[in-house]
Amino acid sequence: MFNFRFLCIIFLLTKVSNGWSQLVSSELIFPEQEKHVHGSSLVSLPNGDFLCVWFYGNGERTSDDVKLMGARLEKGRSSWSEPFLMADTPHLPDCNPVLFLNQNGKLFLVWIAVQANLWEQSILKVRTSVDFLKPGPPIWQWQDNILLKPTDAFAKEIKEKLESLPSHGIGWAGYAPKYDEMIANAATDAAKRSIGWMTRIKPLLVGENRILLPLYSDGFNLSMLAISDDKGETWKPSLPIVGRGPIQPALIQKKNGDILAYMRDSGDEPPMVHQSISTDNGESWTATQKTSIPNTASVELLRLKDGRMAFLGNDIVDGRYRLRLYLSKDEGETWYFKFPVEEESPGKGSFSYPSLIQSNDGLIRCTYSYNKGNNEKSIKYVVLDPQKWP
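Numbering (numbering that gives the first Met the number 0), first residue to last: 0 to 389.
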């Protein structure tokens with residue numbers, strides 16, 4: 000009995016030193032409840048507070064009561080505030096919010112209002128604040144739509160990049176065009192390519208003025224960026240990020256200056272994270288290639304202050320019951336460490352759509368959708384210490 004207990008103690012100490020000690024804290028932002036909560040975004044504020052936003056209602060695009068809710072973790076406190084309203088477009092679902100600070104420290108909230116209850120009819124909306132350090136929601140000074148006008152170069156890029164991909168012969172019937180042909184044809188429609196672009200993941204700030212805001216389209220089943228060269232005052236579209244199902248891009252800047260995008264796989268089997276590279280600060284992108292990381296729902300990327308690259312996502316092929324964080328010292332060429340942020344048996348839980356940041360104290364902080372059943376839904380907040388990783 001003594002030997003058995005001794006071995007258990009050694010095992011637990013080993014686990015703490017190798018894994019569990021990296022978890023600083025873990026909590027639900029609000030008590031579990033039955034309504035749908037999803038798509039959180041987290042930002043660190045200059046006064047040491049953290050602000051989180053998510054969408055909440057009786058569903059997603061088909062539920063007109065869906066609105067954006069938020070909460071604040073004030074500096075020095077251990078629990079989040081009561082949720083408060085962040086945005087609500089009357090009679091339309093509001094989804095997929097993204098919070099970020101621009102280069103001047105102005106707070107941005109970007110999201111979609113879903114027209115006609117169709118993802119492909121979504122409109123991008125933005126509101127900004129310079130008065131956001133007090134308890135409660137920010138005081139918004141300005142709001143507008145982000146309207147993009149992809150040109151004929153959008154259609155040309157899609158056609159050429161799809162033709163450069165390996166043939167896969169997807170088609171539904173003798174009278175139906177193949178997948179690639181349908182997408183290329185839709186891209187020639189100026190109305191279709193101008194709407195339906197959706198947010199999901201935080202932008203990448205490049206230099207003193209440029210913001211790269213990741214977007215994706217369920218209509219085209221691929222991605223694009225909204226680019227601002229005046230810190231978010233005006234926006235233009237990049238060329239599309241073309242592949243068979245690359246959506247919801249997460250961005251980092253590589254050490255050589257290139258921009259790397261990882262994307263969720265919404266294409267053919269097997270589902271694996273897509274990647275693409277831009278060598279011109281996000282203006283144009285290579286056709287996507289699948290990486291070695293399995294993927295069904297979520298991707299997030301972060302450049303740590305010590306230079307390492309972190310990936311957080313659902314690295315499985317059959318659901319959202321596992322959410323793991325990877326570390327790389329060679330910008331994603333290899334992954335030497337994998338940490339299970341959430342892991343359940345298939346069908347026992349759903350954990351997805353993470354938002355990943357590193358605060359000034361060096362700690363990694365993430366929020367994500369937490370669902371353990373119909374009446375057990377919340378947004379979870381987890382803090383990790385990367386200094387305790389190998």
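Glycine residues also receive a C-beta, built at the ideal position from the N, C-alpha and C atoms.
This one's a predicted model, so the numbers in the text were calculated from it and none came from an experiment.
Counted as a single uninterrupted DSSP element, the beta strand (DSSP E) harbouring N370 occupies residues 363 to 370. Nearest Cα to W141 within the set F153, S128, T290: S128.
Per DSSP, the beta-bridge partners of S351 are S368. Across the set S291, N313, S43, K254, the C-alpha of N313 shows the shortest separation from the C-alpha of P345. Beta-bridge pairing by DSSP links Q274 to Y261, Q288. Note that the stretch 118 to 126 does not touch the stretch 363 to 381; fewer than 3 beta-carbon pairs, one per stretch, sit closer than 8 Å.
Nearest C-alpha to G242 among L204, H167, R209, M308: H167. The beta carbon of D384 sits closer than 7 Å to those of Q21, V23, L362, all from its chain and outside the five residues before and after it, given in chain order.
Nearest to F54 by alpha-carbon distance, out of G75, I251, T278, M68, is M68. Taking a contact as a CB-CB distance under 8 Å, the pair V52 and P96 counts as one, their CB atoms being some 4 Å apart. When G218, L211, L221, K254 are compared, the shortest CA-CA separation from D229 is found for L211.
Bounds of any alpha helix (DSSP H) do not take in D93; it lies within the beta strand (DSSP E) bounded by 93 to 100.
By the Cβ rule, the stretch 180 to 195 does not count as touching the stretch 275 to 283, because fewer than three pairs are nearer than 8 Å.
Our two residues, Q32 and E342, have alpha carbons roughly 21 Å apart in a direct line.
By the beta-carbon neighbour count (other beta carbons within 10 angstroms, threshold 16), N370 is buried. In this structure, T295 keeps its C-beta atom at 8 Å or more from the C-beta atom of D267.
Shown here for T198: same chain residues with a beta carbon closer than 8 Å to its own, the five before and five after excluded, namely N95, P96, V97, V109, W110, I111, L123, L212, P213, L214 in chain order.
DSSP, read as helix, strand or coil, puts W334 in coil. The count of Cβ pairs closer than 8 Å, one atom from the stretch 225 to 239 and one from the stretch 254 to 269, stays below three, leaving the stretches out of contact. Residue burial is scored here from C-beta neighbours: A115 has fewer than 16 other C-beta atoms within 10 angstroms and is therefore classed as exposed. Between the C-alpha atoms of G195 and D63 there is a straight-line separation of about 17 Å. For V65, the closest of S80, G75, A86 by C-alpha to C-alpha distance is A86. A260 and P30 have their C-alpha atoms roughly 34 Å apart. Buried is the label assigned to P245, since at least 16 other Cβ atoms lie within 10 Å of its Cβ. Shortest Cα-Cα distance from L300 to any of Q288, L326, R319, E282 involves L326. When only Cα atoms are considered, F83 and F219 end up about 34 Å apart. Remark: C-beta atoms of Y352 and S291 do not approach each other more closely than 8 Å. Check the Cα spacing between E330 and each of L250, E375, R321, S349: the tightest is with L250.
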